[in-house]
Amino acid sequence: MEVVDIIKKRRSIKEFSSKKPDWRAIIDAIDCARYAPMAGNNYTLKFILIDDKEKIAKLAEYAQQDFIAKASYVVVVCSDPTRAVNLYGERGKRYLKQQAGAAIENFLLRLTDLGLATCWIGHFDDELVKELLEIPEDIEVEAFFPIGYPQKEPQIMKHKIDLNNILYFNKYKNKKMKSPKKKVR
Ligand SMILES: Cc1cc2nc3c(=O)[nH]c(=O)nc-3n(C[C@H](O)[C@H](O)[C@H](O)COP(=O)(O)O)c2cc1C
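In our numbering, the protein residues as written are 4 to 188.
What follows is the structure, encoded as structure tokens:
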């Protein structure tokens, strides 16, 4: 698939088929997350691949989202802030979130490319998730991702925001691109 097709095909999917994916496909998607840009090339992310049914059920409970329990796997994405904050101070905290988003999108696009389905889970009880997975206090849980095969073929979302609503030229709120000046002879 062309990159642009994968980008448009990626969707949040909450219904999984009973077919269990090969966990190596998920490792392949995590591997793609390594290629995301990182400030100072300082890689701050960690990934936990979970196939333990009891733990997946607990994650569903801690997120108050039942569909998660039906997934074959969950990938939990964490950030280790230590080096980013040591190197860049307060700004390092901002970089941490930006590079988590960049790495996660790589991961999501490769899952889509492999025909796998997931949904970004950002709403959960951090402390309970950390306790369940023995994540140290200083590590941040960014999000987690229940993964399976989609129950039905994902459709491209028709109602994405209009480009016209998010694009400015040369200054904030300016919606018009100046036409190129005519050559003066
Ligand atoms: C930071 C973030 C947190 C999210 N948290 C949740 C969540 O807890 N539960 C959920 O069902 N979807 C969650 N989503 C998915 C969005 O609802 C979804 O991306 C949005 O509706 C657009 O749909 P699409 O992903 O199919 O394009 C989250 C997405 C992001 C980026």
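In this text, a Cβ means the ideal position worked out from N, Cα and C, and glycines have one as well.
Euclidean distance between Cα positions of residue i and residue j
i      : j      : result
Asp25  : Tyr175 : 47 Å
Leu131 : Tyr38  : 30 Å
Ile150 : Met180 : 42 Å
Ile71  : Val77  : 8 Å
Ile159 : Leu111 : 15 Å
Beta-carbon proximity check, residue i vs residue j, cutoff 7 Å
i      : j      : result
Arg113 : Cys35  : yes
Tyr171 : Phe127 : no
Ser75  : Leu48  : no
Val79  : Phe147 : yes
Pro40  : Ala105 : yes
Ile16  : Pro139 : no
Arg86  : Asn44  : no
Ala28  : Leu117 : yes
Identity of the residues DSSP links to residue i by a beta bridge
i      : result
Val144 : Cys81
Lys49  : Cys81
Phe19  : Pro153
Burial state of residue i (16 or more Cβ within 10 Å)
i      : result
Val6   : exposed
Asn109 : buried
Leu119 : buried
Checklist line | Length-filtered (4 minimum) alpha helix (DSSP H) runs lying within the region 72 to 135 | finding: 85 to 91, 93 to 116
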